[in-house]
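For what it's worth, the numbering used here labels the leading residue of the sequence shown as 13, then goes sequentially.
Beta carbons: idealized from backbone N, C-alpha and C, even for Gly.
A quick note: this is a predicted structure, and the numbers were derived from the prediction, not measured.
First the structure, in the form of structure tokens, and then the observations on it.
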Amino acid sequence: MTSLARGLAVLRCFADERRPMTIAQASRLTGLSRPAVKRCLHTLARLGYASHEDTRYMLQPKVLSLGHAYLSSSTLAVRAQPLLDQLRDELHESCSLGVIEEDEVTYIARAEVSRIMSIALRVGSRLPLYCTSMGRVLLAAQPKADQEAYLARTRLEALTERTETSPRALLAIFDQVAVNRFAMVDQELEPGLRSISVPVVSARHVVAAINVGTQAARVSPAEMRSRYLPALRRIAHDLGQLCA
């Protein structure tokens, strides 16, 4: 249904911008015509999912019911949360569970100690695959042809001076991650942020990734491998068993 697809596109553009928007701004972000966006927003407002002040539209709390429907019905997210809480309490670090969704890693569960990034991470947050530890774990589980296709269609932007943007180098990294069964990203997404991730394997398939993120000045790569990695692998194994 074209109208449904358009309405969902309009909803998603608000998540990308995180602010009230005009019809013109939503039209630019979605690629839809202004009349089409206006009809979508009018319908969303009539149903209680949006409201507007003058020319600016904003989402309403009723939208949360859409995300809650997934979280309450997702076996993976529901079973992961107590395990992530356990991992957070053990390591005293924030940890997350993510899956691939439209060329990004999408957070579907999270246990947080404190905010360590300039961008706020929460359930529903999306980050690039190529420069995040969870993204690299998830890409490493894909066939080589899929990895190459992803790199070809993705803008590989240098988010920091450490970000790897060479497709050839990234393919080599994915190969190494597949062998090591973990990925560590050192300040490639944001200066001062270091993270490590492992795959969650259920029925011999990688279904998600779990990561721990920390401040680079506080925890060394060696400590992440020696102390964090075994705990991550244990939790990932337990979650994979629960979801088998």
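Are residue i and residue j close, meaning C-beta to C-beta below 8 Å?
i, j, result
"Val224", "Cys143", "no"
"Thr172", "Pro203", "yes"
"Phe194", "Leu251", "no"
"Asp115", "Tyr162", "yes"
"Ala190", "Ile222", "no"
"Arg91", "Cys255", "yes"
Looking at the structure shown, is residue i part of a helix, part of a strand, or coil, going by DSSP?
i, result
"Glu169", "coil"
"Leu263", "Outside the shown range of the chain, which is 13 to 256, sits residue 263, and nothing can be said about it."
"Gln227", "strand"
"Gly60", "coil"
"Pro242", "helix"
"Ser130", "At Ser130 the pLDDT is 48, less than 50, meaning the model places this residue with poor confidence and gives no usable figure here."
"Glu65", "strand"
"Met13", "coil"
"Val125", "coil"
"Tyr162", "helix"
"His19", "Before going further, note that residue 19 is Gly rather than His in the sequence given. Note: Gly19 maps to helix in three-state DSSP."
"Arg138", "strand"
"Pro32", "coil"
"Arg51", "helix"
"Ser232", "coil"
"Ala215", "coil"
"Arg40", "helix"
"Arg206", "strand"
Which stretch, first to last residue, makes up the alpha helix (DSSP H) that contains residue i?
i, result
"Gln188", "179-192"
"Val149", "145-152"
"Arg91", "87-103"
Can you give the beta carbon distance from residue i to residue j, rounded, assuming they're within the 8 Å contact cut?
i, j, result
"Leu150", "Ile112", "5 Å"
"Leu205", "Ala228", "7 Å"
"Leu183", "Thr177", "No, Leu183 and Thr177 are not in contact; Cβ-Cβ is about 12 Å, not under 8 Å."
"Leu270", "Ala220", "Because the chain here runs from 13 to 256, residue 270 falls outside it and cannot be looked at."
"Ala36", "Arg46", "6 Å"
"Tyr69", "Leu59", "Not really, about 13 Å apart at Cβ, beyond 8 Å."
Based on Cα-Cα distance, which residue from the options lies nearest to residue i?
i, options, result
"Arg246", "Ala21, Leu96, Leu53, Arg46", "Leu96"
"Asn192", "Arg148, Val22, Glu124", "Arg148"
"Leu244", "Glu102, Ser137, Gln159", "Glu102"
"Ala27", "His54, Leu163, Ser178, Val135", "Val135"
"His217", "Ala153, Leu53, Leu20, His54", "Ala153"
"Arg40", "Ala57, His54, Arg58, Ala21", "Ala21"
"Pro233", "Ala215, Ser209, Ile222, Ala220", "Ser209"
"Ser77", "Thr34, Ala62, Leu163", "Ala62"
"Gly19", "Thr226, His104, Val75, Lys156", "Val75"
"Gln159", "Arg100, Thr42, Ala181, Thr175", "Ala181"
"Thr175", "Ser145, Thr67, Pro155, Gln188", "Ser145"
"Gln98", "Glu124, Val117, Pro73, Gly110", "Glu124"
"Pro32", "His64, Gly43, Val213, Val49", "His64"
Between which two residues does the beta strand (DSSP E) containing residue i stretch?
i, result
"Asp198", "195-198"
"Glu113", "106-113"
Taking 7 Å as the cut-off, does the CB of residue i come closer than this to any heavy atom belonging to the ligand HEM?
i, result
"Asn223", "You won't find the ligand HEM in this model; it holds no ligand whatsoever."
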